[in-house]
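Q: Dropping a structure here in C-alpha cells format, bear with me for questions.
Number of protein chains: 2
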Amino acid sequence: MKKKIVIVGLGLIGGSLAMALRGFEDYEVVGVVRRQATADYAMAHGVGDAVTLDAEEALRQADVTFLCIDPEDIIHYLAEHRDHFKPGSLVTDVCGIKGAVMAAARVLPETVDFIGSHPMAGTEFSGIEHAQADMFQGAHYILTPRPNSGEEHLALLERLAHHIGCRDVVRTTPERHDDIIAYTSQMMHIIAVSVCDDRELFECQGFEGSSFRGCTRVADLDVELWTQLFSLNRRALTAALDRLAENLDAYRAALRSGDDGLLREKLAHSAARKHQLDLGARPASPYYV
Amino acid sequence: MKKKIVIVGLGLIGGSLAMALRGFEDYEVVGVVRRQATADYAMAHGVGDAVTLDAEEALRQADVTFLCIDPEDIIHYLAEHRDHFKPGSLVTDVCGIKGAVMAAARVLPETVDFIGSHPMAGTEFSGIEHAQADMFQGAHYILTPRPNSGEEHLALLERLAHHIGCRDVVRTTPERHDDIIAYTSQMMHIIAVSVCDDRELFECQGFEGSSFRGCTRVADLDVELWTQLFSLNRRALTAALDRLAENLDAYRAALRSGDDGLLREKLAHSAARKHQLDLGARPASPYYV
C-alpha cells in the first residue's frame, strides 16, 4: 500500500499543496474536507489523488498529515484527534503563527511527531477555487522542529518543500518565527488596512500607481483567518507596530521641522538600508505572505 | 520643417518619454541634456530622434517642451529660460507635485502656455539607462490646466498621453492633485522607508513574502528627487501621515485591548472598503508612482 500524505482542509493553501504534492515520491495525496461539494471540486480539478469526508479513517492511515485549516481550528483539531494519528507518523501545519500551534501540539501522544511548518505563500483570495499548483514557487518554507523531532521527518519535509517549488527551507524556533513574522507579514496587513481606512480612499481613482497597489493589495483579507493570526501573536505584533509608529513619527517630525537637510539625511539612510537588503536578495515568489 | 517636441532631461522619465514619443503624429522628438555621454547614449538607444546640449536653441524651436528634471530645477529653469520659449508654444512637466510648479510657471510670458502634467509612472531606478518605451503603459496621465490654457494644447496632450500608452487622462486642479498624491504616492514612500528603518530589517531574509516586498519596494528611492517632492508638498503630506497615524493607532488599540470581536469588526470594515475599491478598478500599469 502506498504511503499517504493527508491534507486536512482544501482551501487556498491546502488545495494548492494537494495539487503541488501530486507525484511526490511514492505518496498518495488524500484530502480531507467537510463538504461533498468541495470533494467533488477537488476530484474534478486534480486537487490531490483522492478525497474523503471521513477524517478519522484518513488520519489513521496517514504517514504525514498537513493541517491546513484556520489557527483556532488547528488547535482544536489536535486535541480532538490526538488518538487518531498513526503512531510514528508526522503531523504538521501551514499556519502563519507557530508558538500557539506548537503549544497545542503538546497534546499529541509521544509516538506522534509534530513539526511546525509555514510555507510563506498565499494570495489575497480564499478557497479551493483559487488554489494553484505553482503557489509555492520561490517561496520560503519555514520549519519549527521540536527538540525530539525525527531527522528523517525533517529531511522528508525538506524534500517535500523542494518538490512543491520552495526556494529554501529555514529552520527556526517558534518564538523567532512569530517575532519576525509579526514584522514581515502581519504588520504589512495592518498597514494595508490602515491605509484603506483613510477617508480619501475612494478619491484615489485616477491617482493611484503601483506603489499604492503594492501597499494595499493585501487589505481585502480573509477576516477570520487574520483576526486569529493577529490575536495569537498579539505581543509581537504590538511590538512591531510600536516600532513602526516611532519610525513614522521620526519622519513626521522631520517634515514638520521644515529642515530639508534632515529629511534628505533620513531618506538617504533608509534608502541605503533597503539597497543593502536588496544586494543580498534573490528572485522570489510573486505570491504574498 | 517638422514640429518639435523638446524633452529637457533624459533621465528615467524624460528618457522613457522620448522613447515612447517617437512616431507621434508629425513631431520630431529632441532631447536636451547637459552631458555628451548622455547624448551619445540617447542616440545609440533610440531615446528621441535627436539630442542637443544647446538648451536655448532647442527651446526657441520647440512647439512643445517637456521639463523632465527635478522639481527645484524646473522652478529655476522656468525663470532662467522664460524668454527662450517660442511664442504660442506649450510648456509642460512630468513632476510629482503640481502646486509649486504651477506657481513657478507664472513667470512665463502670456504668449507661452503652461499646463501641468503628471504621467503616473516610474520605477525605483534612475537614469537614462533604465528608461523604457513602455513605461507609461496603463498609467494615469494627470493634467492641471490654467484657466486660459488652450483647448488645442489640452487636446494635444491627451492625444500624446494615449500615444505613449496611458490608460486615461485626468484633469484636476494643482491643489487637488497635491492633496491626493500626498496620500496615494508620497505616503507610500514614507511608509516604505519607515518599515525599512526597523531594526529587524536584516533579520527578515528567509521570512519575507511579497506583501513585504510590495510595501518596501520603493524604499530605495532617488533621495534628492523625493526630498524635493516631500518638501514642496509638506502640508498635504503631513496631513496624510497624521491620518495614517490615527488609523494605525486604532488598530494598535484594538490589538492591545484583547477584544477579538472589535478586531474582527475593524478588519471586516477595512477589507470591505478595499473590496469596494477593487470593484471599480481596471487593470493598470505595473510601474509605480
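First to last, the protein sequences are chains A and B.
Sequential numbering of the first sequence, starting at 1, is according to the numbering used here.
Sequential numbering of the second sequence, starting at 290, is according to the numbering used here.
Ideal Cβ positions, reconstructed from N, Cα and C, are used throughout, including at glycine.
For chain B, is any of its Cβ atoms less than 7 Å away from the one on F125(A)?
A: For F125(A), the closest Cβ of chain B is not nearer than 7 Å.
Q: Flag this pair as yes or no: are the beta carbons of G9(A) and C68(A) separated by less than 7 Å?
A: yes
Q: By the DSSP assignment, the alpha helix (DSSP H) with P71(A) in it spans what residues?
A: P71 to E80
Q: Quick one: what does DSSP say G503(B) is sitting in, helix, strand or coil?
A: helix
Q: Nearest CA to the CA of W300(A): which residue from Y540(B), S520(B), C493(B) and E513(B)?
A: Since the first residue shown for chain A is 1 and the last is 289, residue 300(A) is missing from the structure and cannot be characterised.
Q: State the start and end residues of the unbroken beta strand (DSSP E) segment that holds D457(B).
A: D457 to R460
Q: Give a yes or no on whether 7 Å exceeds the smallest Cβ distance from K86(A) to chain B.
A: no
Q: Is the segment 519-537 of chain B touching the segment 271-280 of chain A, taking contact as three or more C-beta pairs under 8 Å?
A: no
Q: Taking Cβ positions, are V101(A) and G116(A) nearer each other than 7 Å?
A: Taking 7 Å as the Cβ cut-off, V101(A) and G116(A) qualify as a contacting pair.
Q: Please compile the residues from chain B whose C-beta is within a distance smaller than 7 Å of the C-beta of H291(A).
A: Residue 291(A) is absent from the structure shown; chain A starts at 1 and stops at 289.
Q: Taking E497(B) as the reference, give the member of V91(A), D222(A), V170(A) and D70(A) with the closest Cα.
A: V170(A)
Q: Hey, out of A534(B), V353(B) and R553(B), whose CA is closest to L443(B)'s CA?
A: V353(B)
Q: Excluding sequence positions up to five away, which residues of its chain have a Cβ less than 8 Å from the Cβ of A20(A)?
A: A133, D134, M135, F136, H163, I164 and G165
Q: Whose C-alpha, out of M187(A), E265(A) and Y41(A), is nearest the C-alpha of I128(A)?
A: Looking at the Cα atoms, Y41(A) is the closest of the given residues.
Q: Anything in chain B within Cβ reach of E203(A), meaning under 7 Å, just list it in chain order.
A: I469
Q: Counting beta carbon pairs with one atom in the segment 28-41 of chain A and one in the segment 90-97 of chain A, are three or more of them shorter than 8 Å?
A: Contact fails: fewer than three Cβ-Cβ distances are below 8 Å.
Q: Would a check of beta-carbon distances place T173(A) closer than 7 Å to chain B?
A: no
Q: Taking the alpha-carbon of R296(A) as reference, which of N522(B), K555(B) and A560(B) has the nearest alpha-carbon?
A: What is shown of chain A runs 1 to 289, which leaves residue 296(A) out entirely.
Q: Strictly below 8 Å CB to CB, what residues from chain A border A508(B)?
A: Simply S270, A271, R273 and K274.
Q: Can you tell me the Cα-Cα spacing of V193(A) and T505(B), whole angstroms?
A: 16 Å
Q: State yes or no: is the C-beta of K293(B) within less than 7 Å of the C-beta of A351(B)?
A: Taking 7 Å as the Cβ cut-off, K293(B) and A351(B) qualify as a contacting pair.
Q: Could you give the residue range of the beta strand (DSSP E) that holds G31(A)?
A: Y27 to V32
Q: Quick check on the DSSP output: what are the complete beta strand (DSSP E) runs of length 3 or more inside the segment 333-405 of chain B, in order along the chain?
A: Here the runs fully enclosed are 339-341, 353-356 and 379-382.
Q: Using a Cβ-Cβ cut-off of 7 Å, state whether E489(B) counts as contacting chain A.
A: yes
Q: If you draw a straight line from the alpha carbon of M477(B) to that of M120(A), how long is it in whole angstroms?
A: 24 Å
Q: Return the residue from the list L267(A), A254(A), K2(A) and Q228(A) that minimises the CA-CA distance to Y27(A).
A: K2(A)
Q: Which residue spans inside the segment 164-204 of chain A form an unbroken alpha helix (DSSP H) run of at least 4?
A: 174-181 and 187-196
Q: According to DSSP, simplified to helix, strand and coil, what is T123(A)?
A: coil
Q: Assign D249(A) to one of two classes, buried (16 or more other C-beta atoms within 10 Å of its C-beta) or exposed (fewer than that).
A: exposed
Q: Whole angstroms are fine: how far does the CA of R176(A) sit from the CA of T144(A)?
A: 10 Å
Q: Go ahead and pull the three-state DSSP assignment for L157(A).
A: Residue state for L157(A) is assigned as helix, using DSSP reduced to three classes.
Q: When the distance is taken between beta carbons, is S270(A) closer than 7 Å to C485(B)?
A: yes
Q: Express the C-alpha separation of F66(A) and V6(A) in angstroms, rounding to a whole number.
A: 6 Å
Q: Starting from the beta carbon of F425(B), find every residue of chain A whose beta carbon is closer than 9 Å, and list them in chain order.
A: By Cβ distance, chain A contributes nothing, its closest Cβ being about 11 Å from F425(B), past 9 Å.
Q: Examine chain B for any beta-carbon lying closer than 7 Å to the beta-carbon of S257(A), and answer yes or no.
A: no
Q: For the alpha helix (DSSP H) containing L363(A), name the first residue and the last one.
A: Because chain A is modelled from 1 through 289, residue 363(A) falls outside the range shown and cannot be assessed.
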